[in-house]
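Numbering (our numbering), first residue to last: 13 to 147.
The structure under discussion appears below in the form of structure tokens.
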């Protein structure tokens, strides 16, 4: 009987010590996570303040609309150049290629798109367009 009692006390002691250890570990882990979270908040606030200060001093010449301009989701832009279709990179500054496709020979709605800048998403779409309207 005494062995059964001591085994029960041993198991009870092990269970209690495991529960206490798990509770302490959980509490310490949550405190560490909370501290990390607070540090990140402070860091983000500092970065935000620095960015705002930089915008106020150096960004006065740039309008809000320009600073919030979205990144273009396409690779090329078709534009009219001397009556012909020209292919530019998405920035509309760097010429990728010139073509022999006359803008006047294209459908009216496509002419308007090209005058405004027709976006082309990728090279496959570009070559497909060029094949369709060449000769």
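Cβ atoms here follow ideal geometry from the backbone N, Cα and C, with glycine treated the same way.
From a predicted model like this one, the values you see are computed outputs, not experimental measurements.
Smallest Cα separation from residue i: which of the options?
i, options, result
"residue 145", "126, 89, 100 and 118", "118"
"residue 135", "101, 65 and 93", "101"
"residue 1", "106, 61, 24 and 114", "Outside the displayed range of the chain (13 to 147) lies residue 1, so it cannot be described from this structure."
"residue 124", "21, 97 and 68", "97"
"residue 112", "61, 143 and 120", "143"
Considering only residues of the same chain and omitting the five flanking positions on each side of residue i, which have a CB-CB separation below 8 Å?
i, result
"residue 132", "86, 87, 88, 89, 90, 99, 138 and 141"
Span of the alpha helix (DSSP H) holding residue i?
i, result
"residue 128", "120-128"
"residue 98", "No alpha helix (DSSP H) holds residue 98; the beta strand (DSSP E) holding it covers 96-101."
"residue 143", "135-145"
Within 10 Å of its beta-carbon, does residue i have 16 or more other beta-carbons around it, so buried, or fewer, so exposed?
i, result
"residue 32", "exposed"
"residue 126", "buried"
"residue 54", "exposed"
By Cβ distance, which residues of its chain are closer than 6 Å to residue i, with the 5 residues on each side in sequence left out?
i, result
"residue 106", "none"
"residue 104", "89"
"residue 129", "89 and 91"
For the beta strand (DSSP E) that contains residue i, what are its first and last residues?
i, result
"residue 115", "First-last for residue 115: undefined, no H or E at that position."
"residue 88", "88-93"
Might you give, ordered along the chain, the residues of its own chain that have their beta carbon closer than 7 Å to the beta carbon of residue i, omitting 5 neighbours on each side?
i, result
"residue 51", "none"
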